[in-house]
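Beneath this line is the structure, given in structure tokens, with notes to follow.
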Amino acid sequence: MALRSDWSQRMCSMARGLDILGDPWSMLVLREVFFGNRRFDAIKSRLEVADSVLTRRLSGLVESGLLSKEAYDDGGRIRQEYVLTAKGEDALPVLNAVVIWAEKHLPAPSDQAHMYVIHSGCGQRTSSADTCTRCGEPLTAANTSWHSLTRTTDPVELATAMPSPAAPSQSTPARNGTAA
Ligand SMILES: [Zn+2]
Numbered sequence: 039m040a041l042r043s044d045w046s047q048r049m050c051s052m053a054r055g056l057d058i059l060g061d062p063w064s065m066l067v068l069r070e071v072f073f074g075n076r077r078f079d080a081i082k083s084r085l086e087v088a089d090s091v092l093t094r095r096l097s098g099l100v101e102s103g104l105l106s107k108e109a110y111d112d113g114g115r116i117r118q119e120y121v122l123t124a125k126g127e128d129a130l131p132v133l134n135a136v137v138i139w140a141e142k143h144l145p146a147p148s149d150q151a152h153m154y155v156i157h158s159g160c161g162q163r164t165s166s167a168d169t170c171t172r173c174g175e176p177l178t179a180a181n182t183s184w185h186s187l188t189r190t191t192d193p194v195e196l197a198t199a200m201p202s203p204a205a206p207s208q209s210t211p212a213r214n215g216t217a218a
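Here the sequence shown stands for residues 39 to 218, numbered as in the numbering used here.
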């Protein structure tokens, strides 16, 4: 991803993870896909980003196996949209943690500039990235909503990984090994 040297072979797993998840544009692309924006134009208009920057991040996330490209029929033209893989969906606690940390420690430039992580099951905000701090249930993309006050009046249910036809067992990601 060209901003720096390749860290994918570093000895430390944090460095290898940051090789992918440490890029702000890539994280914002993942944010958009979790919000349900699968298509280039929709992601581009949300991020207000140059085509070349977005193209590079989408390609990187596909190469890294966090997103996959799916064809769709756009009024007779076949185009591509981007969906989460199980590997991409597993990045959700990382994104949640960034939001929760920023809400706790960084000043917001306006009353609307907030985003909350919500457990859809009990409808409450959580202050933990992978477990609902109200009811204790583990968070998955399927039971988590994000509420960005600048985007919508109500929380938005997150997108989940597409079931993989080649590996059906991956369509229901196990909650094993949530990060420390
Ligand atoms: Zn809950």
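Cβ atoms here follow ideal geometry from the backbone N, Cα and C, with glycine treated the same way. Just so it is clear, the structure is predicted and the values come from calculations on it, not from any experiment.
For H185, the uninterrupted beta strand (DSSP E) run begins and ends at T182 to S186, by DSSP. Within its own chain, the residues whose Cβ lies closer than 7 Å to the Cβ of S186, once the five positions on either side in sequence are excluded, are M153, listed in chain order. Cβ-Cβ separation between V67 and I81: approximately 6 Å, consistent with a contact (criterion under 8 Å). A distance of 7 Å or more separates the beta carbons of E108 and A179. Linking A197 to L104 through their CA atoms gives a straight-line distance of about 13 Å.
When DSSP assignments are scanned along the segment 121-205, the uninterrupted stretches of beta strand (DSSP E) that are 3 or more residues long and fall wholly within it turn out to be 153-157 and 182-186.
In this structure, the C-beta of Q162 approaches ligand 1 to less than 6 Å from one of its heavy atoms. The distance from the Cβ of V155 to that of T188 is about 16 Å, inconsistent with a contact at the 8 Å cut-off.
Excluding five sequence positions before and after D44, the CB atoms of its chain that fall closer than 8 Å to its own CB belong to D57, given in chain order. The beta-carbon distance between E119 and R76, rounded to whole angstroms, is 4 Å. This is short enough to meet the 8 Å contact definition.
Bridge pairing for Q47: absent [DSSP]. Distance between R95 and P176, taken at the CA atoms: about 29 Å.
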